[in-house]
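*Asks:* In our numbering, the protein residues as written are 40 to 397.
We treat Cβ as the ideally placed atom computed from N, Cα and C, and that holds for glycine.
Input: one structure, supplied below.
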Ligand SMILES: Nc1ncnc2c1ncn2[C@@H]1O[C@H](COP(=O)(O)OP(=O)(O)O)[C@@H](O)[C@H]1O
Ligand SMILES: [Mg+2]
């Protein structure tokens, strides 16, 4: 039976006064694939280490299944080895002088399990991860993706209740990353193991996560499904952090020709000196019809980003907007209209006021 994880009022202060985590509350469901997403230094690893028992919170508690594994106020602390957790660290490395088999078997040898049981378990996990034919190889004779599978196998061989992955894809190159994400996601589904993955890369988060929590400076910004985060970011930070190519975000005085063109004045509450307008490049389309466009301007750059073509359109002297181009007749230097499907409006405080569909 898969178990859930509750993180309750967890605060971590590194002396003298680095606040790495500020009052974090999360309830991770059994068998969920949960992702913690945030820039470097936002507290992701600290949170994972607290769950694993490699660090202790300054305040708050962590519950795995129905067992309190740490409670700062009551002085409860369960040792890491008694938490039944498998972890792949950020800079995971296999033992170079050992074969894949011995690398995977290592955690079980430490536990002094009988040889036959170790053999059975190593072969079982290797089979599940599709690496049976690699077992005799040493790391130097495996690709990055294969090494990573072995690292995941080593974390899973103990049959942990929870799998913790800290930036597991960071030392894989772009192409292998795609298959590595799929692999981790497939294994997680197949085994139904509750998994918490930490990453600074929104594409990683969206590729694997059932739900994603966005962390900034130790403070939770938003928690939701990828669709919720993408479609309704709570603030400018989340809006800017999620999406590729990134959202167009402009800070505009509330009296501005663009606000007039978009006819969104009525959505802006009083006492906002300025607002932020957020438009995803995929929700703004370059069109040849200038009459029915929300905005217009000149195409300054036309390039592929990933598999789609985008134009940078100069709308005013100081504002350019990146938009999707589907019409092959649109060229660089041409005048185009921009048709906007949807925009996000944020107040002076950076919080989302509304999402407007056209
Ligand atoms: N052992 C430590 N002592 C002091 N400060 C630390 C320690 N570990 C982490 N920090 C600080 O806590 C913050 C969060 O770090 P970390 O959890 O590693 O972030 P992330 O994994 O998101 O990059 C950073 O400001 C970092 O410098
Ligand atoms: Mg980290």
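1. By Cβ distance, which residues of its chain are closer than 8 Å to residue 337, with the 5 residues on each side in sequence left out?
2. Kindly list the residues whose CB is nearer than 6 Å to the CB of residue 74, restricted to its own chain and excluding five residues on each side of it in sequence; keep chain order.
3. Would you kindly check if the distance between the Cβ of residue 380 and the Cβ of residue 284 is under 7 Å?
4. Please state whether DSSP places residue 273 in a helix, a strand or coil.
5. If you drop the 5 nearest sequence neighbours on each side, which residues of the same chain put their C-beta closer than 6 Å to that of residue 66?
6. Determine the direct distance from the alpha carbon of residue 57 to that of residue 88, and round the result to whole angstroms.
7. By the DSSP assignment, the beta strand (DSSP E) with residue 343 in it spans what residues?
8. Buried or exposed: residue 142, going by 16 or more other Cβ atoms within 10 Å of its Cβ?
9. Is residue 84 a contact residue of ligand 2, with contact defined as CB to any heavy atom under 6 Å?
10. Examine ligand 1 and report whether any of its heavy atoms sits within less than 6 Å of the Cβ of residue 59.
11. Closer than 6 Å: is that where the CB of residue 386 sits relative to any heavy atom of ligand 1?
12. Rank 98, 216, 273 and 146 by C-alpha distance to the C-alpha of residue 182 and give the top, closest one.
13. Could you spell out where the alpha helix (DSSP H) holding residue 143 opens and where it closes?
14. Does any heavy atom of ligand 1 sit closer than 6 Å to the C-beta of residue 79?
15. Compute the Euclidean distance between the alpha carbons of residue 51 and residue 71, then round it to the nearest angstrom.
16. Measure the alpha-carbon distance for residue 346 versus residue 171 and round it to whole angstroms.
17. CB-CB under 8 Å to residue 79, same chain, minus the five flanking residues each way: which ones, in chain order?
18. Check whether the Cβ atoms of residue 387 and residue 312 sit closer than 7 Å, and answer yes or no.
19. With respect to the alpha helix (DSSP H) encompassing residue 84, which residues constitute its N-terminal and C-terminal limits?
20. Have a look at 358, 276 and 308 and flag the residue whose alpha-carbon is nearest the alpha-carbon of residue 296.
21. Under the rule that 16 or more other beta-carbon atoms within 10 Å means buried, what is residue 82, buried or exposed?
22. According to the Cβ coordinates, are residue 125 and residue 194 closer than 7 Å?
23. In three-state terms, what does DSSP make of residue 223?
24. Assign residue 214 to one of two classes, buried (16 or more other C-beta atoms within 10 Å of its C-beta) or exposed (fewer than that).
25. What does the alpha-carbon distance come out to for the pair residue 206 and residue 267?
26. In angstroms with no decimal places, state the Cα-to-Cα distance between residue 160 and residue 154.
27. Quick one, are the C-beta atoms of residue 95 and residue 101 less than 7 Å apart?
28. Answer with buried or exposed for residue 200, where buried requires no fewer than 16 other C-beta atoms within 10 angstroms of its C-beta.
29. Return yes when the C-beta of residue 73 is under 6 Å from any heavy atom of ligand 1, and no when it is not.
*Replies:* Looking at the coordinates:
1. If you number the chain shown from 1, residue 337 lands on position 298. Result list for residue 337: 352, 353, 372, 373, 374 and 375, in chain order.
2. One-based indexing of the chain shown puts residue 74 at position 35. Correct list, in chain order: 236, 244, 248 and 251.
3. The residue given as residue 284 occupies position 245 in the chain shown. The residue given as residue 380 occupies position 341 in the chain shown. No; because the gap between Cβ atoms is not below 7 Å, this pair is not in contact.
4. Along the chain shown, one-based indexing puts residue 273 at 234. Residue 273 falls in the coil class under three-state DSSP.
5. Start at 1 with the first residue of the chain shown, and residue 66 comes out as number 27. Result list for residue 66: 45, in chain order.
6. Along the chain shown, one-based indexing puts residue 88 at 49. Along the chain shown, one-based indexing puts residue 57 at 18. Each residue's alpha carbon lies about 16 Å from the other.
7. Here residue 343 refers to the residue found at position 304 when the chain shown is read from its first residue. Segment 334–344, the beta strand (DSSP E) holding residue 343.
8. Start at 1 with the first residue of the chain shown, and residue 142 comes out as number 103. Buried: at least 16 other Cβ atoms inside 10 Å.
9. Position 45 of the chain shown, counted from the start, is the residue given in the question as residue 84. Yes, Cβ of residue 84 sits closer than 6 Å to a heavy atom of ligand 2.
10. Along the chain shown, one-based indexing puts residue 59 at 20. True, at least one ligand heavy atom lies under 6 Å from that Cβ.
11. Translated into positions along the chain shown, residue 386 becomes position 347. No, Cβ of residue 386 sits at least 6 Å from all heavy atoms of ligand 1.
12. Walking along the chain shown from the start, residue 182 turns up at place 143. Nearest C-alpha to residue 182: 216.
13. Working through the chain shown from its first residue, we reach residue 143 at position 104. 139–149 is the span of the alpha helix (DSSP H), which, as asked, contains residue 143.
14. Numbered from its first residue, the chain shown carries residue 79 at position 40. Answer for residue 79: yes, Cβ within range of ligand 1.
15. For the purposes of this step, residue 51 is taken as the residue at position 12 of the chain shown. For the purposes of this step, residue 71 is taken as the residue at position 32 of the chain shown. So the two alpha carbons sit approximately 25 Å from each other.
16. The sequence position of residue 346 within the chain shown is 307, counting from 1. The sequence position of residue 171 within the chain shown is 132, counting from 1. Straight-line Cα distance between these residues: approximately 35 Å.
17. Taking the first residue of the chain shown as position 1, residue 79 is located at position 40. Cβ neighbours of residue 79 beyond the five flanking positions: 239.
18. Sequence index remark: in the chain shown, residue 387 carries index 348 (1-based). Sequence index remark: in the chain shown, residue 312 carries index 273 (1-based). Contact flag set, yes.
19. For this step, residue 84 is matched to residue 45 along the chain shown. Residue 84 -> alpha helix (DSSP H) spans 83–91.
20. Your numbering for residue 296 matches position 257 in the chain shown. Of the listed residues, the one whose Cα sits closest to residue 296 is 358.
21. As a first step, residue 82 is located in the chain shown; it is residue number 43 there, counting from the start. Residue 82 comes out buried.
22. Counting from 1 along the chain shown, the entry for residue 125 is found at position 86. Counting from 1 along the chain shown, the entry for residue 194 is found at position 155. Contact flag set, yes.
23. Mapped onto the chain shown, residue 223 falls at position 184. Correct three-state label for residue 223: helix.
24. Walking along the chain shown from the start, residue 214 turns up at place 175. Label assigned to residue 214: exposed.
25. If you number the chain shown from 1, residue 206 lands on position 167. If you number the chain shown from 1, residue 267 lands on position 228. The alpha-carbon atoms of residue 206 and residue 267 are separated by roughly 23 Å.
26. As a first step, residue 160 must be located in the chain shown, where it is residue number 121. As a first step, residue 154 must be located in the chain shown, where it is residue number 115. Looking at the two C-alpha atoms, the distance is approximately 10 Å.
27. Your numbering for residue 95 matches position 56 in the chain shown. Your numbering for residue 101 matches position 62 in the chain shown. Result no, Cβ atoms of residue 95 and residue 101 do not sit closer than 7 Å.
28. Translated into the one-based positions of the chain shown, residue 200 becomes position 161. It is buried - the Cβ of residue 200 has at least 16 other Cβ atoms within 10 Å.
29. In the chain shown, counting from the first residue as 1, residue 73 sits at position 34. Because no heavy atom of ligand 1 lies under 6 Å away, the Cβ of residue 73 does not count as near it: no.
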